[in-house]
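Visitor:
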Amino acid sequence: MASHTLKCNPDSKVHEQSNRPKFMHQHTLKFSKHYPIMDDPIEECKQRLVEATAELKEKRKVFAEKMAKSREQRVLLQHDVNALEERKLKCQSFIRDNDAKRWRALQKFCTDNHLCTVKKKERQNLISELRKAKELYASLLAKVANLKKYETYLQTVVDSLPKDYIKLADDAIIGLIMRYNSLHSTNERLKREMETKAEELRQAQNDLRKLKESHRFLLFNKNSELSALYSERECLDSNFQATNSTFVQSHDDLVNQLSFFMTVIRAINNLTGKLLRTYDITLCGQTLLSKIQKMTVLSRCHFIEDRISTIRTILAQIVTDTGQLPVCKCCRPQLTNQQIAGVIATSPSELAFLIKLTTLPSERHSVVSLSALIPPLPNTSAN
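Numbering (the numbering used here), first residue to last: 1 to 383.
#1: How long is the line joining the alpha carbons of Arg189 and Glu213, rounded to whole angstroms?
#2: On the DSSP letters alone, give me the boundaries of the alpha helix (DSSP H) that Asp80 sits inside.
#3: With a threshold of 6 Å on Cβ separation, who are the neighbours of Tyr137 within its own chain once the five nearest residues in sequence on each side are excluded?
#4: Evaluate Leu115 with the Cβ neighbour count: other Cβ atoms within 10 Å of its Cβ, from every protein chain shown; 16 or more gives buried, anything less gives exposed.
#5: May I have the straight-line CA-CA distance separating His317 from Thr310, to the nearest angstrom?
#6: Please classify Phe407 as buried or exposed, where buried requires at least 16 other C-beta atoms within 10 Å of its C-beta.
#7: Indicate the three-state DSSP secondary structure (helix, strand or coil) for Cys301 in the structure shown.
#8: Inspect the beta-carbon positions of Leu276 and Leu288 and report whether they are closer than 8 Å.
#9: Run through DSSP, which three-state label would Leu283 get?
#10: Beta-carbon separation of Arg300 and Thr272 under 8 Å?
#11: Please state the DSSP three-state secondary structure of Thr296.
#12: Look at the Cβ atom of Ile304, then the Cβ atom of Ile268, and state whether they are nearer than 8 Å.
#13: Kindly give me the distance between the Cβ atoms of Leu283 and Lys291, rounded to whole angstroms, as I take these residues to be in contact under 8 Å.
#14: If contacts are defined as beta-carbon pairs under 8 Å, then Leu176 and Val157 qualify, I think. What distance do you get, rounded to the angstrom?
#15: Using the three-state DSSP reduction, which class does Lys163 fall into: helix, strand or coil?
#16: Give me the Cα-Cα distance between Ala294 and Ile314, rounded to the nearest whole angstrom.
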């Protein structure tokens, strides 16, 4: 809107006059482009003047229209500015009213808040005073109830007195007072005894409760120990059964081993008897048995080993001389019944020696070993 306003400046005329020759020169150039130059300069000037006048009228008309529009716009703008000023004044008045209302509401809120705080404090004070008054009222009621019995007692005493009790002597009244005092002391003593008995009963109940708890705890411990003992007994029974079965198995193995030992001893005795009879043919029966019994098991084994060594030496010499090994075609001799039936007791050292013979191979000879004559024994070292 401001761009269409006309600014009246006194220097504009001077500026217009200074620019007029320039404008005329530009218009002449423009006119010369569209129209050919005439020979008569006067006609040419007239023609140019007419055209410039017409163009000036058109421009004045356009300028007048623009000025009219600008005036209308200026009027509308002024009307809008006035409306805005009015609205501004109204808004300012509304803002002032709202600020005043807000200030009054804030003052009212602060006042109400202060009054509410004061009322709360007063209410708390009143509640505390009411609580104290109730406690005092309860204590006064208790005191009244406590003193009521005296009043009742005195009333019963007065009722029990004769009508002319005022005429009684002072001794009778003193006697009544002493009777009351004695009854009161008796009542107090009985009350103390009842309180003592109640305390003893309470203590006895506490002791009984503690005894029950200790008995329950002891019973629980004993049950735990009993269950542990039962578990240990079951373990011991299982161990005993396992040990018993192991012992029975070991006993059976030992019996089998002893039977094998007896077989070995009988074989040693038979070999010893046959070797002794090779040296002395007359030995037989009880004489041979007694001679064998006089020898220890170790000496019998050494005797058999020496005989085997001698035979091996002879065979080696024969092989060296003849170049071949002699073959014996005779049948195997049969063992006699008395040699088989002869059971000879051995000492612990001889039994240990026999165990070594049956468990370890002989390192002295590579051809003949005594362990080859004994069947394999079960392993009893684990038992």
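Glycine is no exception: its CB is placed at the ideal position from the N, C-alpha and C atoms.
Guide: Judging by the given coordinates:
#1: 36 Å
#2: 41-160
#3: none
#4: exposed
#5: For the record, residue 317 in the displayed sequence is Gln; it is not His. Approximately 11 Å between the Cα atoms of the pair.
#6: Because the chain in this structure spans residues 1 to 383, residue 407 falls outside the shown range and cannot be described.
#7: helix
#8: yes
#9: coil
#10: yes
#11: coil
#12: yes
#13: 7 Å
#14: 7 Å
#15: coil
#16: Just to set this straight, residue 294 is Lys in the shown sequence, not Ala. For Lys294 and Ile314, the distance between alpha carbons rounds to 29 Å.
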